[in-house]
Amino acid sequence: MTGPPIGREEGSSVHFAIPLGHCVSITTCLPDSAPPPPDPAARALPKVRSPPPPPPPTPPRHSPPLTGLLESREPRSRPYNNHHSPTRARSYSSPIPPLGWIPSAQIAPRCAPSPPLEAARCYARIATPRSAAVSSGSRLGVVQLERALERQVQRFDAVQSTTPRAQSRSAGGSATEAMECTGSGTEMPLKYSPGKAFPLGVSQVDGGLNFSIFSQHASSVVLCLKLAESGTQDVDIVEFSLDHKTNKTGDIWHVLVEGLPASGILYGYRIDGPRGWEQGHRFDSSVILLDPYAKLVSGRKFFGVDEKSSQLFGTYDFESSPFDWGDEYRPPNLPETDLVIYEMNVRAFTADESSGLDQAVCGSYLGVIEKIPHLLELGVNAVELLPVFEFDELEFKRYPNPRDHMVNTWGYSTINFFAPMSRYASSGGGPVSASKELKQMVKALHNAGIEVILDVVYNHTNEADDANPYLTSFRGIDNKVYYMLDMNNNAQLLNFSGCGNTLNCNHPVVMELILDSLRHWLYDKRSNQVAVTVTLPIGKSHINPTVLLLNCMSASDVSRVKEYHIDGFRFDLASVLCRGQNGCPLDAPPLIKEIAKDSVLSRCKIIAEPWDCGGLYLVGRFPNWDRWAEWNGQYRDDIRRYIKGDPGMKGVFATRVSGSADLYQVNQRKPHHSVNFVIAHDGFTLYDLVSYNFKHNDANGESGRDGCNDNFSWNCGVEGETNDSNVLSIRSRQMKNFHVALMISQGTPMMLMGDEYAHTRYGNNNSYGHDTCINHFQWGQLEERRNGHFRFFSEMIKFRHNHPILRRDRFLNKNDVTWHEDCWENQESKFLAFTVHDHNSGEDIYLAFSAHDYPVEAVIPPPPHHKCWNRVVDTNLESPNDIVPEGAPFTGSRYRIAPYSSILLKAKA
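Start counting the sequence shown at 1201; every next residue gets the next number (the numbering used here).
This is how it looks when you write it as structure tokens:
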């Protein structure tokens, strides 16, 4: 608890300088008109008069209201309804700008006077956002806080009285009692007090550990604690029944437990409530549920190993020293225009024995560190990691089914949105080690100049569907809140994710969960300490004197709020995040806007996969507020179709390599908002794209029904593996053609792990369930192809880095590019040539692509004055002539371009 702030008189107001760096909530104690005896610990303040504060500004469009509540942080769109509080509170609504929204403004009316610092005093409490909008110094966040506080003081007289008991509960409760608990015959010397509602999850506070969980519809909540093992003796689970009168504030259940160690305890909840399936409830008090706000998750230790006891528990670690990022540590902070993204899977990158790593490190965060030199040699400067939130890789083995032979190696089955995947720790180290090693990996990548982008899955969870439910967390805590339901069809789960359920992302509670999760993974470059001046009018007798109390987190807690230093996020099936609670698309989705406008999140990279499995295809139309980038699925399809030789694709190919202005040249959007890719984790690898006309997914156990049928692939004459040298030659050229097109395109390029050595999945275009060589990086094949295929890919990436005209921060105009084309309407023409101009150095770049099956004689335009053309790329040539970074002199006026090939010339002095 921080001491009272220092007040000073200035005009008709009293000012308080409040350090908010570690602040979670502010409590303002306002005594009755008959003030208590003076408290020597409190500074006496003179009576002054102050004009009423100006009215708050009109909120932006779509800004949800802030609801003022007694003892409750309620969702913004739902009126307060405290069924269990001894008194009813009046609700007030007041618009607040949504940036880091102040969750609730809680006030209590005048009551009998009491000592100034007692918990039972009459008080006005404002819970500040747990975001950097306030805690990290955003001026807008400070203004929000000031205005909210002023409004609550204005409304002070309008609120009905509450009982001292309610006030004491809201203040956290100072009296501790022995709490009734059940266990396996073990009496624990634990004590409890009511605790507090925020922060959600488990937090270390003065006097013990505070546990807090949201459930709007629960009728009972039991905290379950699993104590540390003693030798080989079975571990006891101690259960605490929470009292709905003492341990509940609004819809949040909470308890403060004294006597627990600062680490090593596992915890969960048994929750019961209405059993009306048709009403959307799925309560089952027989199951111990995982806390959605658990920062660490304990379960199995080794990836893919089915252990006897695999119960999931939340856990915590307030004992370890904060991670040492180093005094000289700085994140890369790369401009989006400069990114070359490498999509990869942490486990698959080093799981194969060909990685040459110790078995204890294979497939782990530490394994990635060992292979950073490969990423540097390749030339990428950002990795986009397939999910690293805790997920259930054994989800297919819960019951006999055609897929029970597989292991979910991609990770799109999220259990918890705050905890790192514990089985990516080395040597089965568990959740604490996983957290530390993930930070080590991020630090090492940053020190190498490589940014880290996480693929995050907020569209669904691991809890499956209603036919085969898997109760682990959200479903049993409050199914009706956390998931989208079809209330006209027996409250069945809606399925826009293709995985059985859909997270109710734009429900205020779920939205705040997602925002809290995202902030948790970030690095905030601003200071955690900031002084804020709050001005309180105190003209009325009952507001004099005024004492401000700060309910603060410890410094160690604050360091954990934004602790992983992640640089950005790619949102899986992001169109789900654009749906309302009934599943209907929204024009201005609150969550999408909050992410774009949040003072912390808006500074990181945010990338949408702008479609979902319900048909909401938003490529080029994703609600963006000029911030969101998109996976450009139209780029993928059009580039594939042109390179493989489909007729009528020349014009759209030109549009795509120019930055897709038809999709993104709107408002203040830039070319880099188009994340260009030909290959991603789902679908064919680059080698398979030129080797298979059809998917071959029989190994997935779904009789070939899974995976996309429209791949726009061409096998170059033979389906699958072959020794035909002509076919192999075309395949090699086509892979290089795709890579050249990707690296010269305006926008942000992304490539898939393994394409740099032509990895194959043998035609499987949906390989999510194979923890084998199908997905594992094959380091032996990389070595075999290092001087050929890999060299070409690496040099082409470096060529992009060295030529800013290929990565402009604006769309091309007629002076930037010359198209050597006069028959755009010819549907049979599959040849395109153009020159990209460098207005600074005159080092223009000439490019030509031919998808014809015969040679083309290209007329080469004259080079700029005092320059001559140099051949850098000809994909028809063998290595090392296929790419010559310094350029090979070329003096002719024509160039014979081979079938299915491309060239790149550079003007040099």
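Beta carbons are placed, not taken as given, at the ideal position from N, Cα and C, and that holds for glycine. For clarity, every value in this text was computed on a predicted model and none was experimentally measured.
| Helix, strand or coil: which one does DSSP assign to residue 1674? | The sequence position of residue 1674 within the sequence shown is 474, counting from 1. Of the three classes helix, strand and coil, the one that applies to residue 1674 here is helix, per DSSP.
| request: Using the Cα positions of residue 1949 and residue 1691, report the straight-line distance between them to the nearest angstrom. | output: Working through the sequence shown from its first residue, we reach residue 1949 at position 749. Working through the sequence shown from its first residue, we reach residue 1691 at position 491. Roughly 42 Å between the two C-alpha positions.
| Is residue 1420 closer than 8 Å to residue 1472 when the C-beta atoms are compared? | Position 272 of the sequence shown, counted from the start, is the residue given in the question as residue 1472. Position 220 of the sequence shown, counted from the start, is the residue given in the question as residue 1420. Yes. Within cutoff.
| Contact check, residue 1514 vs residue 1487, beta carbons under 8 Å | Taking the sequence shown and counting its residues from 1, the one referred to as residue 1514 is at position 314. Taking the sequence shown and counting its residues from 1, the one referred to as residue 1487 is at position 287. Not a contact, by the Cβ cut-off of 8 Å.
| field | Nearest candidate by alpha-carbon position, reference residue 1694, set 1783, 1958 and 1788 | value | To locate residue 1694, count along the sequence shown from 1; it is residue 494. Out of 1783, 1958 and 1788, 1783 has the C-alpha closest to the C-alpha of residue 1694.
| Mind checking residue 1478: buried by the 16 CB within 10 Å criterion, or exposed? | Taking the sequence shown and counting its residues from 1, one reaches residue 1478 at position 278. Exposed is the call here.
| Neighbourhood of residue 1171 by C-beta distance below 8 Å, restricted to the same chain and skipping five residues each side | Residue 1171 lies beyond the stretch modelled for the chain, which goes from 1201 to 2109, so this question has no answer here.
| query | Are there three or more Cβ pairs, one per stretch, closer than 8 Å when the region 2000-2014 is compared with the region 1806-1824? | reply | no
| request: Report the three-state DSSP secondary structure of residue 1386 (helix, strand or coil). | output: Walking along the sequence shown from the start, residue 1386 turns up at place 186. Per-residue confidence for residue 1386 stands at a pLDDT of 49, beneath the threshold of 50, marking its modelled position as unreliable; the derived number appears in the next sentence. Coil at residue 1386, not helix or strand.
| task | Round the Cβ separation of residue 1586 and residue 1626 to the nearest angstrom and send it over; I've been treating them as touching at under 8 Å. | result | Mapped onto the sequence shown, residue 1586 falls at position 386. Mapped onto the sequence shown, residue 1626 falls at position 426. The pair is not a contact, with the Cβ atoms about 19 Å apart (cut-off 8 Å).
| request: Using three-state DSSP, classify residue 1681 as helix, strand or coil. | output: Working through the sequence shown from its first residue, we reach residue 1681 at position 481. The answer is helix: DSSP assigns residue 1681 an H, G or I state.
| query | Are at least three pairs of beta-carbons, each pair with one atom in the region 1441-1457 and one in the region 1409-1417, less than 8 Å apart? | reply | yes
| DSSP state of residue 1879 mapped onto helix, strand, coil | Residue numbering aside, residue 1879 sits at position 679 when the sequence shown is read from its first letter. Correct three-state label for residue 1879: coil.
| residue 2019, buried or exposed, once every other Cβ within 10 Å from all chains shown has been counted against 16 | By one-based count along the sequence shown, residue 2019 stands at place 819. Counting Cβ neighbours within 10 Å, residue 2019 comes out exposed, since fewer than 16 surround it.
| said: So, with DSSP's three-state summary, where would you put residue 1554? | reply: Numbered from its first residue, the sequence shown carries residue 1554 at position 354. Residue 1554 falls in the helix class under three-state DSSP.
| Alpha carbon of residue 1900 to alpha carbon of residue 1912, nearest angstrom | Indexing the sequence shown from 1 puts residue 1900 at position 700. Indexing the sequence shown from 1 puts residue 1912 at position 712. Going by the C-alpha atoms only, they are around 21 Å apart.
| message | Can you confirm whether the region 2020-2039 touches the region 1986-1996 when touching is taken to mean that 3 or more C-beta pairs between the two stretches lie within less than 8 Å? | response | no
| field | Length of the line joining the Cα atoms of residue 1280 and residue 1637 | value | Numbered from its first residue, the sequence shown carries residue 1280 at position 80. Numbered from its first residue, the sequence shown carries residue 1637 at position 437. Low confidence applies to residue 1280: its pLDDT is 26, below 50, so where it sits in the model is not reliable, and the reading given next is rough at best. Cα to Cα, residue 1280 sits roughly 43 Å from residue 1637.
| query | Where do the N-terminal and C-terminal ends of the alpha helix (DSSP H) with residue 1720 fall, by residue? | reply | Residue mapping note: residue 1720 aligns to position 520 of the sequence shown, counting from 1. Segment 1708-1721, the alpha helix (DSSP H) holding residue 1720.
| request: Mark residue 1699 as exposed unless 16 or more other C-beta atoms lie within 10 angstroms of its C-beta, in which case mark it buried. | output: Taking the sequence shown and counting its residues from 1, one reaches residue 1699 at position 499. Burial call: buried.
| said: Taking 6 Å as the limit between beta carbons, can you name the residues of its chain near residue 1540, skipping five residues before and five after? | reply: Working through the sequence shown from its first residue, we reach residue 1540 at position 340. 1580, 1581, 1949 and 1997, listed in sequence order.
| Would residue 1559 be called buried (16 or more neighbouring beta carbons within 10 Å of its own) or exposed? | The residue given as residue 1559 occupies position 359 in the sequence shown. Residue 1559 comes out exposed.
| Run of the alpha helix (DSSP H) containing residue 1995, from where it starts to where it stops | For the purposes of this step, residue 1995 is taken as residue 795 along the sequence shown, with counting starting at 1. Note, residue 1995: alpha helix (DSSP H), 1991-2001.
| said: For the beta strand (DSSP E) containing residue 1513, name the first residue and the last one. | reply: Locating residue 1513 in the sequence shown gives position 313, where the first residue counts as 1. Here the beta strand (DSSP E) through residue 1513 covers 1513-1517.
| task | Decide if the region 1797-1810 is in contact with the region 1828-1835; the criterion is three or more beta carbon pairs, one per stretch, under 8 Å apart. | result | yes
| said: If I measure Cβ to Cβ from residue 1545 and keep anything under 6 Å in the same chain, skipping five residues before and after, which residues do I get? | reply: On the sequence shown, residue 1545 is found 345 positions in, with the first residue counted as 1. Excluding residues within five positions, the ones whose Cβ falls inside 6 Å are 1586.
| query | Are residue 1489 and residue 1676 closer than 8 Å when you measure CB to CB? | reply | Working through the sequence shown from its first residue, we reach residue 1489 at position 289. Working through the sequence shown from its first residue, we reach residue 1676 at position 476. Yes, the pair counts as a contact, with Cβ atoms nearer than the cut-off.
| field | Beta-carbon proximity list for residue 1761, same chain, < 6 Å, skipping 5 on both sides | value | In the sequence shown, residue 1761 corresponds to position 561, counting from 1. Unreliable placement is indicated for residue 1761, whose pLDDT of 37 sits below 50; no coordinate value is reported for it.
| In terms of residues, what are the limits of the alpha helix (DSSP H) holding residue 1565? | The residue given as residue 1565 occupies position 365 in the sequence shown. Here the alpha helix (DSSP H) through residue 1565 covers 1565-1570.
| field | Straight-line gap, residue 2174 to residue 1686 (C-alpha atoms, nearest Å) | value | The structure shown does not extend to residue 2174, since the chain spans only 1201 to 2109, so no value can be given for it.
| task | Note down the Cα distance separating residue 1769 from residue 1805, rounded to an integer number of angstroms. | result | Along the sequence shown, read from residue 1 onward, the residue named residue 1769 stands at position 569. Along the sequence shown, read from residue 1 onward, the residue named residue 1805 stands at position 605. Cα to Cα, residue 1769 sits roughly 6 Å from residue 1805.
| request: Between the Cα of residue 1639 and those of 1813, 1569, 1797 and 1403, spot the shortest distance and give me the residue it belongs to. | output: If you number the sequence shown from 1, residue 1639 lands on position 439. The candidate whose alpha carbon is nearest that of residue 1639 is 1569.
| task | Rounded to whole angstroms, what's the CA-CA distance from residue 1836 to residue 1553? Just pull it up for me. | result | In the sequence shown, counting from the first residue as 1, residue 1836 sits at position 636. In the sequence shown, counting from the first residue as 1, residue 1553 sits at position 353. C-alpha separation (whole angstroms): 33 Å.
| message | Quick check: the Cα distance between residue 2129 and residue 2080, rounded to an integer number of angstroms? | response | Given a span of 1201 to 2109 for the chain in the structure shown, any question on residue 2129 remains unanswerable.
| message | Rounded to whole angstroms, what is the Cα-Cα separation between residue 1518 and residue 1717? | response | Here residue 1518 corresponds to residue number 318 of the sequence shown, with the count starting at 1. Here residue 1717 corresponds to residue number 517 of the sequence shown, with the count starting at 1. One C-alpha to the other measures close to 19 Å.
| field | Alpha-carbon to alpha-carbon, residue 1548 and residue 1983 | value | Numbered from its first residue, the sequence shown carries residue 1983 at position 783. Numbered from its first residue, the sequence shown carries residue 1548 at position 348. Roughly 17 Å between the two C-alpha positions.
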